[in-house]
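Residues in the sequence shown are numbered consecutively from 2, following my numbering. We treat Cβ as the ideally placed atom computed from N, Cα and C, and that holds for glycine. One structure is given here, and the rest of the page talks about it.
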Amino acid sequence: MRSFPTQTMDRALAPLLSAYRAAESHYRLQPLNEPLGRLFSFAFNTQRPVHRWYMFKEGFAADLVGSFIHEFRVPKNDGLVVDPFSGSGTTALESQFQGYSSRGVEVNPFFADVASTKLRWLEGDVSAIRASIDEVLASPDLAEAQVDQWPELTSFKRLYSESVLSELFRLKARILHTSDPADFTSAFLLLGLTSILELTSKAYKTGKGLKFRKRQLIKDPEEVRERVRRKWLEMLEDISTLRGQHIEPGDARILRGDARSIPLEDGCASLVVYSPPYANTFDYNEVYKLEMWFMDHVTSYEEWRRVKEASLRSHVSLRIGAQEQGDELLEQALSLIEKPARGEVEMLRAYFADMRLSLLEQKRICQPGARVVIIVGNSSYRCVPIATDLILARLAESVGFSVEQVRVGRRLNTSSQQMALYNANDPAGMDFIRESAVILHR
Ligand SMILES: C[S@@+](CC[C@H](N)C(=O)[O-])C[C@H]1O[C@@H](n2cnc3c(N)ncnc32)[C@H](O)[C@@H]1O
Numbered sequence: 002m003r004s005f006p007t008q009t010m011d012r013a014l015a016p017l018l019s020a021y022r023a024a025e026s027h028y029r030l031q032p033l034n035e036p037l038g039r040l041f042s043f044a045f046n047t048q049r050p051v052h053r054w055y056m057f058k059e060g061f062a063a064d065l066v067g068s069f070i071h072e073f074r075v076p077k078n079d080g081l082v083v084d085p086f087s088g089s090g091t092t093a094l095e096s097q098f099q100g101y102s103s104r105g106v107e108v109n110p111f112f113a114d115v116a117s118t119k120l121r122w123l124e125g126d127v128s129a130i131r132a133s134i135d136e137v138l139a140s141p142d143l144a145e146a147q148v149d150q151w152p153e154l155t156s157f158k159r160l161y162s163e164s165v166l167s168e169l170f171r172l173k174a175r176i177l178h179t180s181d182p183a184d185f186t187s188a189f190l191l192l193g194l195t196s197i198l199e200l201t202s203k204a205y206k207t208g209k210g211l212k213f214r215k216r217q218l219i220k221d222p223e224e225v226r227e228r229v230r231r232k233w234l235e236m237l238e239d240i241s242t243l244r245g246q247h248i249e250p251g252d253a254r255i256l257r258g259d260a261r262s263i264p265l266e267d268g269c270a271s272l273v274v275y276s277p278p279y280a281n282t283f284d285y286n287e288v289y290k291l292e293m294w295f296m297d298h299v300t301s302y303e304e305w306r307r308v309k310e311a312s313l314r315s316h317v318s319l320r321i322g323a324q325e326q327g328d329e330l331l332e333q334a335l336s337l338i339e340k341p342a343r344g345e346v347e348m349l350r351a352y353f354a355d356m357r358l359s360l361l362e363q364k365r366i367c368q369p370g371a372r373v374v375i376i377v378g379n380s381s382y383r384c385v386p387i388a389t390d391l392i393l394a395r396l397a398e399s400v401g402f403s404v405e406q407v408r409v410g411r412r413l414n415t416s417s418q419q420m421a422l423y424n425a426n427d428p429a430g431m432d433f434i435r436e437s438a439v440i441l442h443r
């Protein structure tokens, strides 16, 4: 069991907290704005056409993008709305709906694929897809997927019953057999199938990884087919709904790439809206491994290692060597972490070094006058708050942005052990455990 500081903590933290307060007033911190904070959650998207095709817990609400387009009066035909950490593509899809040209940049092949498929909804031919659904669901004996065709990832055998897993692979084989992989229909059906992988498994996703369910929800192949059928019909309904709305879609695309070297031209962006991974040890690749391997984005452990290493250094499972010291405020916080876990200090330094590189790139692609909105959560290490919102504001300033404001959207929780210690010793420290919008001006 790791030791936690007790009585001395409040006095030790005091200088850090006053440095944070000074930064807050320098950046005109707007205190808790609950309507803004509600938009930091993906929950609203589960009611929105196409956004709901894939539940990406770590995403934000489509309306967040709309509200910043509106607030900053972003012109329609002058520049791109860019999301350098595109995830499931909320920014690009909402911009497309609103008639804006947009680019999402995403390093992870699975998320890039999810987002690209959503953007292709326009290509959907409802009656042809309906016929494909019938074809895929018919003839359950055909194209049986063999056990030896399952991916190498051992978790599949632990997280599924054999009959459910066979059915999932059989359906995948049927989709690939009955539709041309280059066609939207194939991408549509595969996305719907992938979206039920969690529900049909023995585990569920949490902020820290996959956790076993007490009770398996779906046990037989018939239920798997019924679930995916329902999902496909829901997705089809969205295409019909949008067709009726006479949308004039913007040109929106997803680029596979790295936010630290954005594959876009200088001065092309009129608005940049994004939420990067948070510095909180959470590894997306771990949580979405079933989906990545199921869809053949990863076919070997070697490839998986490469995918993990390509992402921002925001979690300790990557081996990160010694790092140079970083921002002063960050270093002040790091010096207070008693007995840091292995790799923790290096990861935090690497995280902010990566974010600095990305901010430099964002500055390069922004038109003069463009805004950048960063939705980010702070974290806490052994009762030392890491105010990522303020540290990013400082880094942004150091690369040449002006910081317009930091708006607090929601309070966050930390581990119950840390919460109890904060409350007992330094309740003021909890003020910094929050999610905010950092607004920059180029
Ligand atoms: C918080 S999620 C973004 C969610 C998105 N706003 C949405 O609504 O779906 C952060 C994303 O950044 C991606 N990412 C991590 N490192 C990256 C990098 N170096 N370049 C581009 N994307 C990266 C992750 O794979 C993840 O999809």
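Per DSSP, reduced to three states, the secondary structure at Tyr275 is strand. The secondary-structure analysis by DSSP pairs His442 across a beta bridge with Arg372 and Ser403.
Secondary structure of Gly410 (DSSP, three-state): strand.
Counted as a single uninterrupted DSSP element, the stretch harbouring Ala429 is not any alpha helix (DSSP H), since DSSP gives it neither H nor E. Ranking Lys364, Pro278 and Lys340 by CA distance to the CA of Gly268 puts Lys364 first. For the alpha helix (DSSP H) assignment, the uninterrupted runs of no fewer than 4 residues enclosed by the segment 65-137 are, from N- to C-terminal side, 91-98 and 110-120. In the DSSP annotation of this structure, the continuous segment of the alpha helix (DSSP H) that includes Ser241 starts and ends at Pro222 to Arg244.
Of the candidates Ser103, Gly90 and Gly100, the residue whose Cα lies closest to the Cα of Thr118 is Gly90. Under the three-state reduction of DSSP, Ser417 is assigned to helix. If you draw a straight line from the Cα of Asn379 to the Cα of Glu436, it is about 6 angstroms long. By the Cβ-count criterion, Thr179 is buried, with 16 or more other Cβ atoms from all chains shown falling within 10 Å of its own Cβ. Note on Arg343: under 16 other CB atoms within 10 angstroms of its CB, so exposed under the neighbour-count rule. Only residues of its own chain outside the window of five on either side were considered, and among them Val407 have a CB closer than 6 angstroms to the CB of Leu30, listed in chain order. Counting only residues of its own chain and dropping the five nearest sequence neighbours on each side, Glu287 has a CB closer than 6 angstroms to the CB of Gly210.
In terms of Cα proximity to Ser196, the closest of Phe213, Arg175 and Trp233 is Trp233. Nearest in C-alpha terms to Ser202, of all of Tyr289, Ser187 and Leu218, is Leu218. Here Thr186 is buried. Its C-beta has 16 or more other C-beta atoms within 10 Å. The continuous stretches of beta strand (DSSP E) do not include Lys173, which lies in the alpha helix (DSSP H) extending over residues Glu163 to Thr179.
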